[in-house]
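Enquirer:
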Amino acid sequence: MQSHRSFAALVPALVVGLTACDRGSTKDDASSSVIENLVVQAPAIDFPLPDFTLTDQNKNLVKRADLEGKVWVASFIFTSCPSICPRLTKRKATMQEALLGNDDVRFVSISVDPETDTPEKLSEFATKHGATSARWLFLTGDPKVVDATVLTGFKMVLQRSTPGSVDISHAERFCVVDRKAHVRGLFDTSDEGLTALKARVAELRAEK
Numbered sequence: 001m002q003s004h005r006s007f008a009a010l011v012p013a014l015v016v017g018l019t020a021c022d023r024g025s026t027k028d029d030a031s032s033s034v035i036e037n038l039v040v041q042a043p044a045i046d047f048p049l050p051d052f053t054l055t056d057q058n059k060n061l062v063k064r065a066d067l068e069g070k071v072w073v074a075s076f077i078f079t080s081c082p083s084i085c086p087r088l089t090k091r092k093a094t095m096q097e098a099l100l101g102n103d104d105v106r107f108v109s110i111s112v113d114p115e116t117d118t119p120e121k122l123s124e125f126a127t128k129h130g131a132t133s134a135r136w137l138f139l140t141g142d143p144k145v146v147d148a149t150v151l152t153g154f155k156m157v158l159q160r161s162t163p164g165s166v167d168i169s170h171a172e173r174f175c176v177v178d179r180k181a182h183v184r185g186l187f188d189t190s191d192e193g194l195t196a197l198k199a200r201v202a203e204l205r206a207e208k
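Residue 1 is where the sequence shown starts when you use the working numbering, and the numbers rise one by one after that.
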């Protein structure tokens with residue numbers, strides 16, 4: 001499968017490490033994203049997301065404005081990743097279950113392989129991981145819009161390999177967004193990270 005795509009220049013990012021998702025390997029190698037002495041949560045952050053228009057797994061257009069008024073948890077995946085992305089999505093599914101009664105909370109997974117990840121593929125991936133479509137959006141779209149949203153909007157690292165290779169490196173982190181579409185937290189996927197994430201979601205839900 002081709003992996004050469006044009007993408008925006010890298011911007012200063014909140015994430016120092018990259019997680020490589022190699023389609024050619026099924027080894028679940030946690031060491032690929034390990035950084036010595038990595039803290040569970042980054043320092044306090046608060047910056048607005050720019051507008052975006054992407055397409056969800058049900059072929060509906062989704063804009064940033066559609067999520068305003070909700071607290072949401074964003075992450076970055078692609079469906080052909082054999083290791084990191086399924087694990088990341090599984091962790092997110094536990095949050096969906098834990099926050100089941102919170103109707104003002106949404107989950108968003110943005111594909112970093114938009115040329116391959118059609119709405120149909122994202123729908124299959126969502127079903128496989130038990131995502132509730134009313135609360136959990138899987139987004140794809142124009143590669144330039146995806147890259148701008150990930151790199152410039154969320155300020156997350158995204159690096160696609162050179163032609164002939166099949167891996168995509170991206171942040172294995174959860175971003176928490178408040179009701180005004182400001183990014184307000186960055187968390188890892190450990191048990192401690194998820195505990196801190198849930199506490200942050202509760203704080204943001206309580207804000208007026």
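Ideal Cβ positions, reconstructed from N, Cα and C, are used throughout, including at glycine. Quantities reported herein were computed from a predicted structural model and do not represent experimental measurements.
1. Please classify D178 as buried or exposed, where buried requires at least 16 neighbouring CB atoms within 10 angstroms.
2. How many Å lie between A199 and G185 at the Cα?
3. Count the other CB atoms within 10 Å of the CB of T140; is the residue buried (16 or more) or exposed (fewer)?
4. Give the straight-line distance between the Cα atoms of E68 and K121, rounded to the nearest whole angstrom.
5. What is the rounded straight-line gap between the Cα of K208 and the Cα of S161?
6. Below 6 Å CB to CB, which residues in the same chain sit around F154 once its five sequence neighbours on both sides are set aside?
7. Compare the C-alpha of D103 against each of L194, D56, F78 and A134 and name the closest.
8. When burial is assigned at 16 or more other CB atoms within 10 Å of the CB, is L61 buried or exposed?
9. Give the C-beta separation of R64 and F52 to the nearest angstrom, bearing in mind that I take them to be a contact with Cβ-Cβ under 8 Å.
10. Could you tell me which whole alpha helix (DSSP H) segments of length 4 or greater appear in the segment 88-136?
11. Under 8 Å: do the segment 189-204 and the segment 109-125 share three or more Cβ pairs, one atom per stretch?
12. Nearest to E97 by CA position, among A131, K59 and D167, is which residue?
13. Counting C-beta neighbours from all protein chains within 10 Å, is the total for L137 16 or more, i.e. buried, or is it exposed?
14. What does the alpha-carbon distance come out to for the pair T149 and P50?
15. Quick one: what does DSSP say R200 is sitting in, helix, strand or coil?
16. Leaving out five residues on either side along the sequence, give the residues of the same chain with a beta carbon under 6 Å from the beta carbon of G164.
17. Taking the straight line between their C-alpha atoms, what separation do you get for L204 and V71?
18. I need the boundaries of the beta strand (DSSP E) containing A65, first residue and last residue.
19. So the candidates are D66, D46, V146 and K92; which of them puts its Cα closest to the Cα of E172?
20. How big is the Cα-Cα spacing for V201 and D66?
21. Could you check what DSSP says for G185 in three-state terms: helix, strand or coil?
Expert: In terms of the structure at hand:
1. It is buried - the Cβ of D178 has at least 16 other Cβ atoms within 10 Å.
2. The alpha-carbon separation between A199 and G185 amounts to approximately 11 Å.
3. Label assigned to T140: buried.
4. Answer to the nearest angstrom: the Cα atoms are 26 Å apart.
5. So the two alpha carbons sit approximately 43 Å from each other.
6. Setting aside the 5 residues that flank it on each side, F154 is surrounded in the same chain by C175, each with a C-beta closer than 6 Å to its C-beta; the list follows chain order.
7. With distances taken between Cα atoms, D103 lies closest to A134.
8. Around the beta carbon of L61, fewer than 16 other beta carbons sit within 10 angstroms, so the residue counts as exposed.
9. Taking a contact as a CB-CB distance under 8 Å, the pair R64 and F52 counts as one, their CB atoms being some 5 Å apart.
10. Segments of the alpha helix (DSSP H) lying fully in the segment 88-136: 119-128.
11. A contact is defined here as three or more CB-CB pairs under 8 Å, and the segment 189-204 fails this definition with respect to the segment 109-125.
12. When each option's Cα is compared against that of E97, the closest is A131.
13. Buried is the call here.
14. Inter-residue distance for T149 and P50 is about 7 Å (C-alpha atoms, whole angstroms).
15. Under the three-state reduction of DSSP output, R200 falls in the helix class.
16. Summary for G164: the model assigns pLDDT 40, below 50, so the residue's position carries little reliability; its value from the coordinates is reported in the next sentence. Closer than 6 Å at the Cβ level, and outside the excluded window around G164, lies no residue.
17. For L204 and V71, the distance between alpha carbons rounds to 7 Å.
18. No beta strand (DSSP E) contains A65, which is instead part of the alpha helix (DSSP H) from R64 to L67.
19. Considering only alpha carbons, the answer is K92.
20. The alpha-carbon atoms of V201 and D66 are separated by roughly 18 Å.
21. In this structure, G185 counts as strand in the three-state DSSP scheme.
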